[in-house]
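All remarks here apply to the structure that follows.
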């Protein structure tokens, strides 16, 4: 490769220009690395011993869109300063990794081009190299792919990590926030990421999963409809020797089974990226069918009913809510049409008295909902319900009455 062409490519990759979402490239050749935060971090780092003020204030103030969007980023300049001072040698290990970017360029272009082949509508957002508190090695946001440099230590694993996060950027998976949905999100990113990169970033999960396949499939079938992710995603209860994030592996297996059954493989990739109904996708994959059949048989239920999101039956549910202030206007929003499909200002409760609001709805079971003041900026903290969690209601009687008390707003 001649030096002029190499310089051109290098400048395409190394950029100190922030991109807005409208600028996201549809060509793998124009994908960009944003390294401003990397440079600014080390400028601040070198001032730690001489500056009278915290030099990381400027690092945060001048941060890129990526740094500001980093969900596990530094919460304050003081916390970053304290963390860097305590782990100074660990941060210093990463000081020169930016020099390895040219050597990764060809590999990343090949991965991006592979995605373009499988999914022609792919967008290629900027990759931001940032520094935080060591909580996340990488994530995908609406603003781009963000790499926690202090976590990855070097760029050897960057191509596979970028492939995984690049898939997250393309995904639009619908449905309730269940263990199944989240596992399909992560497993789908792992599967397609491996397809385009040849590497799987979660090989340890696969080794454990394959070794304990039968036990894990039985457990997952009993849990997949719920919202509780413990022992499957992000954390474990230490009840056994399983690694965390086994949901990545289970989602991968379901997605792999679906992909292998489809004749049109490119359409299969599009389907995986845009799952409309996680339960229907699971059914069409066939991966857990025998386990679901056994599970339903143990409950004397038809296997086909397992895949239904809601009951066929409709129940009259009367809801009464005690409010903290007599002027409060209360809205209910939840997981079905009668609950407004999570639109926070669609269904308003009626005023029964100064401190009570009520409404009667025809609902399917299970019902999941929240109370708001008409926007997501004002959600109710409900007595007996974990703050921020959905209220879940399994309805078994034709006419059901329930009462809740709002203790605060957040």
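Numbering (mature numbering (1 follows the signal peptide of the UniProt record, and there is no 0)), first residue to last: -20 to -1, 1 to 390.
Using N, Cα and C, we set each Cβ at its ideal position, and we do this for glycine too.
6 angstroms CB neighbourhood of residue 326 in its chain, flanking five on each side removed: These residues qualify, in order along the chain: 320.
Through-space distance from residue 76 to residue 143, alpha-carbon basis: Taking the straight line joining both Cα atoms gives about 23 angstroms.
Collapsed DSSP secondary structure at residue 248 in the structure displayed: It is helical.
Closest Cα partner of residue 386 within the set 352, 235, 375: With respect to the C-alpha of residue 386, the residue from 352, 235, 375 having the closest C-alpha is 352.
Spatial distance of residue 342 from residue 372 (CA atoms): Counting only the Cα atoms, residue 372 lies some 15 angstroms from residue 342.
Endpoints, alpha helix (DSSP H) assigned at residue 86: It spans 81 to 98 - the alpha helix (DSSP H) in which residue 86 sits, taken as one unbroken run.
Stretch pair the stretch 78 to 96 + the stretch 7 to 17: three plus CB contacts closer than 8 angstroms: A contact exists between the stretch 78 to 96 and the stretch 7 to 17.
Cβ-based burial, residue 396 [other Cβ within 10 Å; buried from 16]: Any question about residue 396 goes unanswered here, given that the chain covers just -20 to 390.
Inter-residue spacing [alpha-carbon to alpha-carbon] between residue 165 and residue 44: Between residue 165 and residue 44, the alpha-carbon positions lie close to 27 angstroms from each other.
Minimum C-alpha distance to residue 253 - residue among 243, 235, 240, 260: Nearest option by C-alpha distance: 235.
Short Cβ contact (8 angstroms threshold) for residue 124 with residue 107: Going by C-beta atoms, residue 124 is nearer than 8 angstroms to residue 107.
Buried or exposed (CB count within 10 angstroms, at least 16 for buried), residue 109: Residue 109 comes out buried.
Host alpha helix (DSSP H) of residue 141 (start-end): Looking at the DSSP string, the run of the alpha helix (DSSP H) that includes residue 141 is 138 to 150.
Given residue 39 as reference, the closest of 66, 225, 74, 112 once Cα atoms are compared: Residue 112 holds the alpha-carbon nearest to the alpha-carbon of residue 39 among 66, 225, 74, 112.
Rounded C-alpha distance that separates residue 370 from residue 145: Rounded to whole angstroms, residue 370 to residue 145 spans 28 angstroms at the Cα level.
Where the alpha helix (DSSP H) through residue 66 begins and ends: Per DSSP, residue 66 belongs to the alpha helix (DSSP H) from 57 to 66.
Endpoints, the beta strand (DSSP E) within which residue 169 is located: Per DSSP, residue 169 lies in no beta strand (DSSP E) segment; the continuous alpha helix (DSSP H) that holds it begins and ends at 159 to 177.
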